[in-house]
Amino acid sequence: TWTTDAFVEEAVREIKARVGNKRVLLALSGGVDSSTLAFLLYKAIGEQLTCMFIDQGFMRKLEPERLVKLFKDEFHIPVEYVNARQRFLTALDGITDPEEKRRIIGHEFIRVFEEESRRLGPFDYLAQGTLYPDVIESADTNVDPQTGERVAVKIKSHHNVGGLPKDLRFKLIEPLRKLFKDEVRKVGRSIGLPEEIVQRHPFPGPGLAIRILGEVTAERLNILRDADLIVRQEINQNGLYHDCWQAFAVLLPIKSVGVMGDQRTYAYPIVLRIVTSEDGMTADWARVPYDVLEVISNRIVNEVKGVNRVVYDITSKPPGTIEWE
Ligand code: XMP
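Okay, here's the thing in structure tokens:
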């Protein structure tokens, strides 16, 4: 029978045998896969591992700081924090088309990844949190026809884009490749990852950039981060986190009229998107109690400057998607 202890022991042994005294690079995202991976690798090879965290500036409020602190202070795993916030904002300047935004973010991610891996390298291996379903999906695209070994032609990195240049086609190390998601969670938990990472809702690679419709600006990011934090706080405090697949805020690039005190306001609306789902392929809007919706709405309008209206998205998937872009 499969046990987490046996898995960890075997994975550590395998990593040691394969890596020897070589160096491994890992791109940390803060999700359960890359975090579990970091743990296993660090346990196996210690400082031969370099964890790189690229901050695009599109994570949720306080998450980058929290991730770095968690790894450094609690897990004692060193992290190379790369602040690329301004760079991504500049790349997105004036861009409004959703596909174009995704393409630019993916492209920029690869460029930062390349530069930083050259700066910190050289590395022999790239660790990826490939899971069993991904292995099946990319059955031969990643296999070197000469050696039969799996190599990185792309980085997974939740962007699903971006070919790597020839000299950066590291050999892949994929200790999670036989696992399904629920098994990764079990392993993560058994090696001491906190529940906040183990149970984390899915979060798209392009992050908040695709939850601001139209142009992404620093001002809009700040507004969305604050509104989104309130959604998360209220969902958590009301014990609804585990009942939903995702719960987040979306900012629309339009303004509507409102009134506050005796002042007319003209500001952005925030959309609440809270859904239930088994696998993200289909979804339904969550029947969140009215009093919770009321608190979320009041808090956002009162606490977040630049927002004067909150609406609830009651579209299922299909025909809607979970994200708005
Ligand atoms: P949609 O919006 O297509 O989303 O209904 C389905 C699920 O996928 C997530 N999602 C992404 N995840 N990179 C990711 O890793 C992405 O670019 C991306 N876009 C959407 C979405 O949050 C939902 O859970």
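Just so we're aligned, residue -7 is where the sequence shown starts under this note's numbering, counting upward by one.
C-beta: ideal position from N, C-alpha, C; glycine also.
- For Tyr233, same chain residues with a beta-carbon under 7 Å away, outside a window of 5 residues either side, are Ile227 in chain order.
- Beta-bridge analysis with DSSP links Ile246 to no other residue.
- For the pair His68 and Ala219, the Cα-to-Cα distance works out to about 32 Å.
- Counting along the chain, no alpha helix (DSSP H) covers Lys309, and no H or E run does either.
- If you draw a straight line from the Cα of Ser26 to the Cα of Glu57, it comes to about 17 Å.
- Contact check for Met44 and Glu107: beta-carbon distance about 11 Å, past the 8 Å limit, so the pair fails to qualify.
- Within the segment 132 to 197, the runs of beta strand (DSSP E) that reach at least 3 residues and sit entirely inside it are, in chain order, 163 to 165.
- Around the beta carbon of Gly86, a 10 Å sphere encloses fewer than 16 other beta carbons of the protein chains shown; the residue is thus reported as exposed.
- Annotation for Asn75: the continuous beta strand (DSSP E) segment containing it runs Val71 to Asn75.
- If you draw a straight line from the Cα of Ala119 to the Cα of Trp316, it comes to about 31 Å.
- One alpha carbon belongs to Val74, the other to Leu185, and they sit about 23 Å apart.
- Residue burial annotation: Ile202 is buried, with at least 16 other C-beta atoms found within 10 angstroms of its C-beta.
- Annotation for Ala278: no alpha helix (DSSP H) segment contains it, and DSSP assigns it neither H nor E.
- For Gly206 and Arg265, the gap between their C-alpha atoms comes out near 17 Å.
- Nearest to Arg161 by C-alpha distance, out of Ile102, Ala76, Pro167 and Gln48, is Ile102.
- Taking 8 Å as the cut-off, the beta carbon of Gln238 is found closer than this to the beta carbon of Val267.
- Around the ligand XMP, the residues selected by a Cβ distance under 6 Å to any of its heavy atoms are His150, Pro194, Pro196, Gly197, Pro198, Gln238, Gly272, Lys309, Thr313, Ile314 and Glu315, following chain order.
- Contact annotation: Val302 and Ile262 have beta-carbon atoms nearer than 8 Å.
- Minimum Cα-Cα distance from Thr42 among the listed residues Gly49, Phe50, Gln48 and Leu33 corresponds to Leu33.
- Taking a 10 Å sphere around the C-beta of Glu129, we find fewer than 16 other C-beta atoms and assign the residue as exposed.
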